[in-house]
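Q: Below is the structure I would like to discuss, written out as structure tokens.
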Amino acid sequence: TTVPQIRIADGVTIPQLGFGVYQVPPEETRDAVSMALEVGYRHIDTAQMYGNEQGVGDALKDSGLSRDEVFVTSKLNNGFHRRDDALRAAEASVERLGGPMDLFLIHWPLPTIDVDYLETWQAMIEIRDAGLTRAIGVSNFQVPHLERIIAETGVKPAVNQIEVHPYLTNETVRAYNAAQGIATEAWSPIAQGQVLGDPTISAIAERVGRTTAQVTLRWHIQRGDIVFPKSVTRSRVEENFRLFDFELTDDDIQAIAALNKDHRTGPDPDTFAYIP
Ligand code: NAD
């Protein structure tokens, strides 16, 4: 039951399974993260937009674990895409989290707003060089967005965190990530619960004696993606951690991938322009 480590940048490895805290209320985050650390998770995915970085930082402090034992990701909020704002916002995250980040991402490309995401990516490089984070990456970047920042800076993101689940396999972006050596992180890996009643996944789950959540998460793991399912219910947090003592066949992997219907649970990255 050891979680595999994936190498994402020079000297930086990330546990392939983590704990996501999107929609965990700020006042519950300290307890939820403490519980996940007790269960054995050593990778937490938060964001400035979630408003709960302080709870993550408090739980890390409470845990008695040293900072290099837990991998912490945060994401730059949409209102901070200008260079100076991005640097200040990164410093504030480090303060709330109680130390440098392991991974810091541009949360959304926002290609239609009046700040060019290239300026934001150049700021991310400065943020890394200043030691505020060990690695930098992006989230919700489409292929043209990736092509542009790589061509203009020569610096590849360590990861691209995108929506991926059986109903949105997102193969075009995954393939580009793979070709560039960019790790894919799959957000909403169980489509916020929408895939859990799927008949194909249920049949496989019955055969291997696991839940549909476990089968879906195992599918991501065997495809090589990084996942961090969210739950605040201890039994589910434990269930989602037990993925390393069973295996799916290649046919299972393909049957689940064939469920794709390009169905997004979240916004379209090409048009999303929300600024909190
Ligand atoms: P998810 O696919 O992890 O699903 C979470 C939902 O499924 C919750 O309602 C939970 O109660 C339920 N659930 C979890 N485990 C279960 C189980 N074993 N059995 C039954 N139900 C279960 O969705 P998510 O929270 O949207 O995504 C996971 C993480 O991805 C987030 O917490 C966040 O860290 C990240 N994320 C990133 C972005 C982005 O734009 N970068 C967007 C959304 C989510």
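Add 840 to a position in the sequence shown, counting from 1, and you land on the number used in this note's numbering. Glycine residues also receive a C-beta, built at the ideal position from the N, C-alpha and C atoms.
1. Roughly how many angstroms lie between the CA atoms of GLU868 and SER1071, to the nearest whole one?
2. Using 10 angstroms around the beta-carbon of SER979, count the other beta-carbons present and answer buried if the total reaches 16, otherwise exposed.
3. Just to check my reading of the structure: GLY858 and PHE1068 have Cβ atoms closer than 8 Å, yes? What is that Cβ distance to the nearest angstrom?
4. Could you tell me which residues DSSP puts in a beta bridge with GLN1001?
5. Please say whether PRO866 and GLY897 have beta carbons closer to each other than 7 Å?
6. Using the C-alpha atoms, what's the distance from PHE1086 back to HIS1060?
7. Give me the Cα-Cα distance between SER1075 and MET875, rounded to the nearest whole angstrom.
8. Any contact of the stretch 969-977 with the stretch 943-950, i.e. 3+ C-beta pairs under 8 Å?
9. Could you spell out the range, first to last residue, of the alpha helix (DSSP H) harbouring PRO855?
10. For PHE859, list the residues DSSP reports as bridge partners.
11. Exposed or buried, which one is ILE1030 when buried takes at least 16 other CB atoms within 10 Å?
12. Report whether the distance from the Cβ of ARG1104 to the nearest heavy atom of ligand 1 is below 6 Å.
13. With C-beta atoms as the reference, is VAL1055 less than 7 Å away from ILE1044?
A: So, to answer that:
1. Separation of GLU868 and SER1071 (C-alpha to C-alpha, rounded to the nearest whole angstrom) is 12 Å.
2. Around the Cβ of SER979, a 10 Å sphere holds 16 or more other Cβ atoms; the residue is buried.
3. Rounded, the Cβ-Cβ distance is 4 Å, consistent with contact.
4. Answer is SER979, GLU1025.
5. No. Outside cutoff.
6. Roughly 13 Å separates the two Cα atoms.
7. Each residue's alpha carbon lies about 11 Å from the other.
8. Flag = yes, the stretch 969-977 and the stretch 943-950 touch.
9. No alpha helix (DSSP H) holds PRO855; the beta strand (DSSP E) holding it covers 852-855.
10. When beta bridges are read from the DSSP output, PHE859 appears opposite ILE884.
11. Here ILE1030 is buried, its C-beta having at least 16 other C-beta atoms within 10 Å.
12. No heavy atom of ligand 1 is found nearer than 6 Å to the CB of ARG1104.
13. With contacts defined by Cβ atoms closer than 7 Å, VAL1055 and ILE1044 form a contacting pair.
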